[in-house]
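First up is the structure itself, then whatever we jot down about it.
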């Protein structure tokens, strides 16, 4: 029974429990999880509001850890932090969820057409694919032997139309297999091996692919203040990255921001298939007015679903927006437990929890010898945009890619507002070989050249602000112009333009080559004695920005480059 209530943390006595057991609290059977055992006192975090419950009310232990249901029906779903389908709950009670109400994560009435790929007499092992279900037009759902079950010889397997609870396969030892399996959210799903992160996750966003790439199975942080473009950037990644499955976790975000995601995502079209993007997306919505304990659970729910699709051989892109709200939930629960606080009141184990989460990313060889990956992109919302606060700093120690959103860039209408001087990627060395083989040996050289020019511009801008650009040496005036072209033509990208919203690696390379051509021609002309004012006045370079918005851009680009070379040849001839 209940002994003490302190917000979402309650103490119960009078029953046996293990860590992380799910319990039902009070007469309303509120869902909770055991997080601490101190003698006879069982400390429970409750996933729902505890207003009105009193000491003495009953507590029932289910004896099971918090687990998610995995199977056909996950795609296109919108869940809360503990995998309750929000659309089902809305049909039951309207827009506000009442306490103690629950619904299964997967529809028990829906029937799915199961096609076996093995037959009676075959030997199967944990994680092995035994059949398929065409869940959506673009995604083939692979039905697997659960990794925590023994393998064996198939006694009977049948195809046809089944619900997720009906038996589709029986092993000789009597084990029954259904379309659905359950998995505890805090336990990583097993794999055969983790592989090197040497293949990029192509996003179609020039500043990400060109300067700060993320590998498939990699980890990235995208911190930024309010209004700097985190949500639009994550929508672009969901829409255009070459991952087949998208899991979006709205963890503790404001209701109006989550509403925007819930209304915009279902309306987005998948550019690869022309079908709705939701057909390969799972949304987990946990707004800031929902109980904080469920906020912590939402991150584990999302990563477990992502691992399940990874085990089917898919590349999964997981967006966690935002891990700061998750950390704040941990801080509140920790203070209720009267634990010793760490920096800024966060629990001392903040870094360990963040590490456990990001560690579940990776490109792997699954138990069924398929190659799959989970790439984790965690948004961070530092208070006041202060990157020195604990969540941002601990995240940066773990992740390999840092995309630093800058409020000043967004105020100047430079989008994506990613600061190229503060951002970095530690995957560059491992991805170089892939770019050399699959794109061009020039790719890495051009990227290094572009970063060098942008860094040089930053140094020169300090002088410009003091004495003006005319005081710069002639050669540096050309550098400033080349850097401007890199910023405005290459780094800026319009997410709402039908053509510029996605830029292929080939087009990115061609744009960089064109800017480098202007830089080389400028240096040669300056060496020949042409004045900087004449070099900066070359008209052909002013046509380069339109390349971004042109679908069939190659003929136009060739015309511009020819005109540019002709102009420079004319300038040199004038000096002779």
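Residue numbers (this note's numbering): 89 to 664. Cβ atoms here follow ideal geometry from the backbone N, Cα and C, with glycine treated the same way. Bear in mind the structure is a predicted one, so any value in this text is a computation, not a measurement.
The residue among 382, 424, 328 and 317 with its C-alpha nearest the C-alpha of residue 361 is 328. For residue 422, the closest of 95, 356 and 303 by C-alpha to C-alpha distance is 95. Within the same chain, 161 come within 7 Å of residue 195 by CB-CB distance, once the 5 residues on both sides are set aside. A straight-line Cα-Cα distance of about 14 Å links residue 614 and residue 569. Contact between residue 112 and residue 307 does not hold, since the beta-carbon distance rounds to 36 Å and is not under 8 Å. Note on residue 319: 16 or more other CB atoms within 10 angstroms of its CB, so buried under the neighbour-count rule. The three-state reading of DSSP puts residue 642 in helix, counting H, G and I together. In this structure the stretch 168-188 touches the stretch 106-126; the number of beta carbon pairs closer than 8 Å is three or more. DSSP, read as helix, strand or coil, puts residue 428 in coil.
Contact annotation: the stretch 123-131 does not touch the stretch 365-376, with fewer than three C-beta pairs closer than 8 Å. The alpha-carbon of residue 548 is positioned some 54 Å away from that of residue 228. Shortest Cα-Cα distance from residue 97 to any of 142, 104 and 103 involves 142. Judged by DSSP in its simplified three-state form, residue 202 adopts strand.
Taking the Cα of residue 596 as reference, the smallest distance to any Cα among 374, 296, 325 and 521 is reached at 296. Contact between the stretch 616-630 and the stretch 556-572 is present: 3 or more CB-CB pairs across the two stretches fall below 8 Å. Taking residue 177 as the centre and dropping the five residues before and after it, the same chain places the C-beta of 185, 189 and 191 closer than 7 Å to its C-beta, in chain order. Scanning the stretch 454-482 for uninterrupted alpha helix (DSSP H) segments of 4 residues or longer gives nothing; none is fully contained.
In this chain, the alpha helix (DSSP H) harbouring residue 611 covers 593-615. Under the three-state reduction of DSSP, residue 414 is assigned to helix. Ranked by how close their Cα comes to the Cα of residue 648, the residues 394, 206, 158 and 599 have 599 in first place. Residue range 620-624 is occupied by the alpha helix (DSSP H) that includes residue 620. Here residue 426 is not near residue 435, since their CB atoms are 8 Å or more apart.
About 5 Å separates the beta carbon of residue 577 from that of residue 633, a gap short enough to meet the 8 Å contact definition. In the three-state reduction of the DSSP assignment, residue 232 falls in the strand class, which pools E and B. Distance from the CA atom of residue 498 to the CA atom of residue 551, rounded to whole angstroms, is 24 Å. Judged by DSSP secondary structure, residue 393 falls within the alpha helix (DSSP H) whose first and last residues are 380-399.
Linking residue 167 to residue 449 through their CA atoms gives a straight-line distance of about 21 Å.
Ranked by Cα distance from residue 273, the options 490, 592, 405 and 171 are led by 171. Counting C-beta pairs closer than 8 Å gives three or more between the stretch 331-344 and the stretch 409-417, which meets the contact rule. Sequence-distant Cβ neighbours of residue 345 in its own chain, meaning closer than 7 Å and more than five residues away, are 319.
Under the three-pair Cβ rule at 8 Å, the stretch 255-269 counts as touching the stretch 213-226. Using a Cβ distance threshold of 8 Å, residue 477 and residue 470 count as a contacting pair. For residue 488, no beta strand (DSSP E) segment is defined, and its DSSP state is neither H nor E. In the structure shown, residue 549 falls within a helical segment according to DSSP collapsed to helix, strand and coil. Under the DSSP assignment, residue 572 falls in the alpha helix (DSSP H) whose first and last residues are 562-573.
Contact check for residue 509 against residue 546 passes: the beta carbons are separated by less than 8 Å.
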